[in-house]
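In what follows, a single structure is set out as structure tokens and then discussed.
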């Protein structure tokens, strides 16, 4: 069986990059997703959460060089670059430096979401970002989530086709997929070439409290196999070429004393047990 399993930045809550890729290698993963800075907990209202020292691959050139060496030493790939979106307050051209850095580090693909309510501008901005990404030798994916402007699998496919030219593929996150009302068989019904990446986690079918969707999905998902989603079938339905990144953040467990390494080990083992 092809090893296509990785662990996502959100699962480790912004772990410093060298420690992150070394842990991924120890766990037998082949890739990681990456934002270029430490996680800004204060943006979400967590003013006293400091799991790690702050870091930046944008500003710290020494760290960037050392991280590039760590990628080479471990054989871990940056399977997904994160932190990109269509947004009414900015133009995607402002992210050119981030794309340059991810390309320099060997990033394989870039993912983007949309919080832009103007449909035409969403397509224009993501199309521009797709061109910028492909010009740097990377692939481009569009992600959907129930609260976002692109909020379903069919919607993401529509946007990818509107961008045109085969420039954009779709990222399928298991939580967003099932919470948006999709069924497993929809994956096998679409052109497999449209699927560019998958993110794996578990969750209840319905939220267990009144926590906003963004907070739940960012800080409190379930270990694969511990929620309600039919993940074994979901994994089996994905084309063999599609990388699977485990995105299962559990901030409450980390704050209660579970080490990030132990959390990563348990979600990787759970994913393997489901066939990933």
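Numbering (the numbering used here), first residue to last: -5 to 270. Beta carbons are placed, not taken as given, at the ideal position from N, Cα and C, and that holds for glycine.
DSSP bridge partner residues for residue i (one or two, in chain order)
{"i": "residue 240", "result": "1, 194"}
{"i": "residue 214", "result": "244"}
{"i": "residue 133", "result": "103"}
{"i": "residue 26", "result": "1, 72"}
{"i": "residue 31", "result": "50"}
{"i": "residue 108", "result": "80"}
{"i": "residue 165", "result": "137, 191"}
Proximity of residue i and residue j at Cβ, strictly below 8 Å
{"i": "residue 89", "j": "residue 128", "result": "no"}
{"i": "residue 103", "j": "residue 126", "result": "no"}
{"i": "residue 157", "j": "residue 100", "result": "no"}
{"i": "residue 52", "j": "residue 30", "result": "yes"}
{"i": "residue 21", "j": "residue 258", "result": "yes"}
{"i": "residue 224", "j": "residue 264", "result": "no"}
{"i": "residue 165", "j": "residue 130", "result": "no"}
{"i": "residue 44", "j": "residue 24", "result": "no"}
{"i": "residue 106", "j": "residue 123", "result": "yes"}
{"i": "residue 167", "j": "residue 241", "result": "yes"}
{"i": "residue 18", "j": "residue 1", "result": "yes"}
Contacting residues, own chain, Cβ-Cβ under 8 Å from residue i (five flanking each side not counted)
{"i": "residue 10", "result": "32, 46, 47, 49"}
{"i": "residue 176", "result": "146, 147"}
{"i": "residue 15", "result": "26, 61, 64, 65, 68, 70"}
{"i": "residue 91", "result": "52"}
{"i": "residue 212", "result": "4, 38, 243"}
{"i": "residue 170", "result": "137, 138, 139, 140, 211"}
Per-residue burial, residue i [other beta carbons within 10 Å of its own, 16 or more giving buried]
{"i": "residue 215", "result": "buried"}
{"i": "residue 136", "result": "buried"}
{"i": "residue 196", "result": "buried"}
{"i": "residue 56", "result": "exposed"}
{"i": "residue 87", "result": "exposed"}
{"i": "residue 73", "result": "buried"}
{"i": "residue 186", "result": "exposed"}
{"i": "residue 75", "result": "buried"}
{"i": "residue 179", "result": "exposed"}
{"i": "residue 59", "result": "exposed"}
{"i": "residue 208", "result": "exposed"}
{"i": "residue 205", "result": "exposed"}
6 Å CB neighbourhood of residue i in its chain, flanking five on each side removed
{"i": "residue 67", "result": "none"}
{"i": "residue 232", "result": "192"}
{"i": "residue 80", "result": "108, 110, 116, 119, 120"}
{"i": "residue 199", "result": "222"}
{"i": "residue 262", "result": "21"}
{"i": "residue 245", "result": "213"}
{"i": "residue 181", "result": "231"}
{"i": "residue 173", "result": "140"}
Cβ-heavy atom distance, residue i to the ligand SAM, below 7 Å
{"i": "residue 246", "result": "In the structure on display, the ligand SAM does not appear, and there are no ligands present to speak of."}
Contacting residues, own chain, Cβ-Cβ under 7 Å from residue i (five flanking each side not counted)
{"i": "residue 226", "result": "268, 269"}
{"i": "residue 12", "result": "60, 61, 64"}
is_contact[residue i, chain C] using C-beta, thresh 8 Å
{"i": "residue 209", "result": "In the structure shown, chain C cannot be found, because there is only a single protein chain."}
Is it the case that the stretch 143 to 153 contacts the stretch 33 to 52, given that we only count it when at least three CB pairs across the two stretches are under 8 Å? no
Three CB pairs or more closer than 8 Å across the stretch 187 to 194 and the stretch 229 to 248: yes
Spell out a yes or no on whether the stretch 245 to 257 and the stretch 1 to 9 are touching, meaning 3 or more CB-CB pairs, one atom from each, closer than 8 Å. Cβ pair count under 8 Å is three or more, so yes.
Is the stretch 134 to 149 touching the stretch 101 to 116, taking contact as three or more C-beta pairs under 8 Å? yes
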